[in-house]
Amino acid sequence: MINPKNRIELIEQIRESPELQQFWDEKKKKFKNEERKKDLASYFNDSVAKEKLEKFFKLWKKQKIPDEKWSAFLRLALYNYDKMEFMYNQTNYLLIKHNISDKDYFRIKLHNSFCVLPDQVYELIMFENLCNKFFKIFKLIERKYSFDNQSREHVSKKIHGKTDWMKTLKESKYSTPQYFQISSNVKEFGLPENILLGFTIYKIFEIVKKYDSTDKDKKLSKKEHKIIRNIEIKIKKCMDNFPHRRVLEHGKTLSNHNIKSFLIKDVLEKCKNQKNSFQNNAYKLFIDWFDDFTEIHNKISQKRAQSSYMNEATKDFDTMFEMWILMELYDEAMWRYGISKNSQMQSPYEKEFEFLINGNRCVLEYDHRREVSTSSDNWATESRPDYLIKCNGTPIAVFDAKNTIAARGEPNHKVLGYMMNFECDLGGAIYSNVKSTAKSERVNESKEKKFCNYELDLTNRENHKEIVEKIFSDIEEKLILKDSSYGR
Numbered sequence: 236m237i238n239p240k241n242r243i244e245l246i247e248q249i250r251e252s253p254e255l256q257q258f259w260d261e262k263k264k265k266f267k268n269e270e271r272k273k274d275l276a277s278y279f280n281d282s283v284a285k286e287k288l289e290k291f292f293k294l295w296k297k298q299k300i301p302d303e304k305w306s307a308f309l310r311l312a313l314y315n316y317d318k319m320e321f322m323y324n325q326t327n328y329l330l331i332k333h334n335i336s337d338k339d340y341f342r343i344k345l346h347n348s349f350c351v352l353p354d355q356v357y358e359l360i361m362f363e364n365l366c367n368k369f370f371k372i373f374k375l376i377e378r379k380y381s382f383d384n385q386s387r388e389h390v391s392k393k394i395h396g397k398t399d400w401m402k403t404l405k406e407s408k409y410s411t412p413q414y415f416q417i418s419s420n421v422k423e424f425g426l427p428e429n430i431l432l433g434f435t436i437y438k439i440f441e442i443v444k445k446y447d448s449t450d451k452d453k454k455l456s457k458k459e460h461k462i463i464r465n466i467e468i469k470i471k472k473c474m475d476n477f478p479h480r481r482v483l484e485h486g487k488t489l490s491n492h493n494i495k496s497f498l499i500k501d502v503l504e505k506c507k508n509q510k511n512s513f514q515n516n517a518y519k520l521f522i523d524w525f526d527d528f529t530e531i532h533n534k535i536s537q538k539r540a541q542s543s544y545m546n547e548a549t550k551d552f553d554t555m556f557e558m559w560i561l562m563e564l565y566d567e568a569m570w571r572y573g574i575s576k577n578s579q580m581q582s583p584y585e586k587e588f589e590f591l592i593n594g595n596r597c598v599l600e601y602d603h604r605r606e607v608s609t610s611s612d613n614w615a616t617e618s619r620p621d622y623l624i625k626c627n628g629t630p631i632a633v634f635d636a637k638n639t640i641a642a643r644g645e646p647n648h649k650v651l652g653y654m655m656n657f658e659c660d661l662g663g664a665i666y667s668n669v670k671s672t673a674k675s676e677r678v679n680e681s682k683e684k685k686f687c688n689y690e691l692d693l694t695n696r697e698n699h700k701e702i703v704e705k706i707f708s709d710i711e712e713k714l715i716l717k718d719s720s721y722g723r
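What follows is the structure, given as structure tokens:
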């Protein structure tokens, strides 16, 4: 067993362990509902579990955070890892979709460290996907490379091609010729599209070598290392199979220049000008693909090594859940109303964004600390809800993300307390259940006040959309009631 470099690699080793699988199969027979984590906690702490998982327990002790329990870490590895991967991919996807991290890093405070998104691992996954598209295009190009027929003159002892008899007789001084002046058509492959192809091969290889140098310091994760090795094998195969060595060498020379340099732009422009005349349609796919490659090449080649968001999230899973919900809310608000302001989303602490609902200026605040009155009407003096919606400066809705399937009494009462403190008419707890109904549970509702449990099924993408839509529909409903109360 290789010593894991970080907590993610330890989790992967635990999940792949035959000892754990055997232990797990034995224990699963003892209960029907796999969501009974209280029972599982006792299983993880019994003597059998400690004995079978002792080697992992020792490795975990070297990487544990203060006050972390071994049973909690095992539950993370067995139950929540798939959820983490989903939240990780979806959060990164939505950030890229809305260009939130395009001009500046999207920073997140996790436990005692900061992470930026998209992180190195996710961008490397994107790079791998882009490379795989290139490898498919390259195979199509291999079937028929672009070329020009060019007429070239040369001397030959045999007659073939087109013979220039006047020049032949003149060179032989009008005696019986021993050599013939021949002009023949030669295929020329040194065209802009083939040169750009060679350039791209070496630019991909350049990124591989960059990560190789990082790997010498043992900074790459197991997943990153695997991705780089796969790309390296395939790009070297492209080099070996490229039949026109002179063209490939030209591309290699150009690869010393920046991908956005004048020289490369000139070659690309020539390709685009003759894009519609390519006989092999794969070249058209390649030129379209190159724009995406340019964008991600700049990001990867300029970004320094950084902490893995997935690894840090193992220390603060709740914040990861909150961040994913924030991006789902942002995505829905963008689709419904458009976002009017999002500069505060770059803040590592109190994030927010603005949008308009029927002319009302709305702000969604994430993790803002708010001072409240200490009067007897308030339940608590400290109020820091996960999400607070304000309309024209007045709080109208408050929500908390609850990454748990435990008893709901305490979390729900906490949100009800926020509703009283902020005098909101709408509140809710957003739960992450592995299996749940797609409908929100109405706990307490009157004409003026409404509280809901919003249950997210992480195995069902349609459920996420339905629940987030329900949240905004509830917000709109309360806005209509508030407007009507003012006689509007």
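Residue numbers (my numbering): 236 to 723. Glycine included, each C-beta is placed from N, C-alpha and C at the ideal position.
Enclosing alpha helix (DSSP H) for residue i [first to last residue]
| i | result |
| --- | --- |
| C473 | K457 to N476 |
| Y357 | Q355 to E377 |
| E251 | R242 to E251 |
Residue i versus the options, residue with shortest Cα-Cα distance
| i | options | result |
| --- | --- | --- |
| Y380 | N476, E658 and T694 | N476 |
| L294 | E244, G662, I372 and N656 | E244 |
| N364 | L431, F528, H346 and N491 | F528 |
| S496 | N533, E484, K507 and L483 | N533 |
| I249 | S306, P301, I300 and D302 | S306 |
| K625 | S667, F513, D660 and N638 | D660 |
| G579 | N429, L591, Y601 and A568 | This sequence places Gln at residue 579; Gly is not what is there. Here the closest residue by C-alpha is Y601. |
| G433 | E484, Y414, M401 and N347 | E484 |
| P427 | C506, R481 and M474 | C506 |
| S708 | H346, K368 and K685 | K685 |
| L288 | F424, I300, K368 and L309 | L309 |
| Y544 | Y584, R604, L352 and H492 | L352 |
| L311 | C687, I246 and L520 | I246 |
| H492 | E459, N695, K438 and I463 | K438 |
| S618 | F424, Y328, K649 and S252 | K649 |
| L313 | N367, Y653 and E251 | E251 |
| M569 | K297, Q298, N334 and N315 | N334 |
| C473 | T488, T435, K457 and S348 | T435 |
For residue i, the first and last residue of its enclosing beta strand (DSSP E)
| i | result |
| --- | --- |
| I231 | Residue 231 lies beyond the range of the chain shown here (236 to 723); nothing can be said about it. |
| S348 | S348 to L352 |
| L693 | Careful: L693 lies outside any beta strand (DSSP E) and carries neither H nor E. |
| F341 | F341 to L345 |
| P630 | T629 to K637 |
| R596 | N595 to Y601 |
| L426 | Taken as a continuous stretch (DSSP letters only), L426 belongs to no beta strand (DSSP E), as it is neither H nor E. |
| C626 | Y622 to C626 |
Buried/exposed call for residue i, threshold 16 Cβ in 10 Å
| i | result |
| --- | --- |
| K576 | exposed |
| F547 | In the sequence under discussion, the amino acid at residue 547 is Glu, which differs from the Phe named in the question. Counting Cβ neighbours within 10 Å, E547 comes out buried, since at least 16 surround it. |
| D317 | exposed |
| R378 | exposed |
| N238 | exposed |
| M319 | buried |
| I715 | exposed |
| L255 | buried |
| S667 | buried |
| E557 | buried |
| K586 | buried |
| Q514 | exposed |
| D566 | buried |
| N656 | buried |
| S611 | Confidence at S611 is low in this model, with a pLDDT of 46, below 50, so the placement of that residue should be treated as unreliable; the coordinate-derived value is given next. Answer is exposed; the Cβ neighbour count stays below 16. |
| G663 | buried |
| P620 | buried |
Proximity test, residue i beta-carbon vs the ligand GDP heavy atom, cut-off 7 Å
| i | result |
| --- | --- |
| L288 | The model on display carries no ligand, and the ligand GDP is accordingly not part of it. |
Query raised in the report: On the three-pair Cβ rule with 8 Å, is the stretch 464-480 touching the stretch 543-560?
Result: no
Query raised in the report: If you scan the stretch 532-591 from start to end, which runs of the beta strand (DSSP E) of 3 or more residues do you find wholly inside it?
Result: 574-576
Requested in this report: Tell me, please, whether the stretch 512-526 touches the stretch 616-631 by the rule of three or more beta-carbon pairs shorter than 8 Å.
Outcome: no
**Report entry** Completely contained alpha helix (DSSP H) runs for the stretch 488-525, where each covers 4 or more residues
**Finding:** 497-508
Requested in this report: Entirely within the stretch 277-336 and at least 4 residues each: give me those alpha helix (DSSP H) ranges in chain order.
Outcome: Unbroken alpha helix (DSSP H) runs of no fewer than 4 residues, entirely contained in the stretch 277-336, are found at 282-287, 289-298, 305-310 and 316-332, following chain order.
Query raised in the report: Are three or more beta carbon pairs between the stretch 502-515 and the stretch 436-451 nearer than 8 Å?
Result: With the cut-off at 8 Å, the stretch 502-515 and the stretch 436-451 do not touch.
**Report entry** Segment contact flag, the stretch 342-358 with the stretch 591-601, C-beta cutoff 8 Å, min 3 pairs
**Finding:** no
Query raised in the report: Contact between the stretch 558-574 and the stretch 364-373: three or more CB pairs below 8 Å?
Result: Put simply, the stretch 558-574 does not touch the stretch 364-373. Fewer than three CB pairs are less than 8 Å apart.
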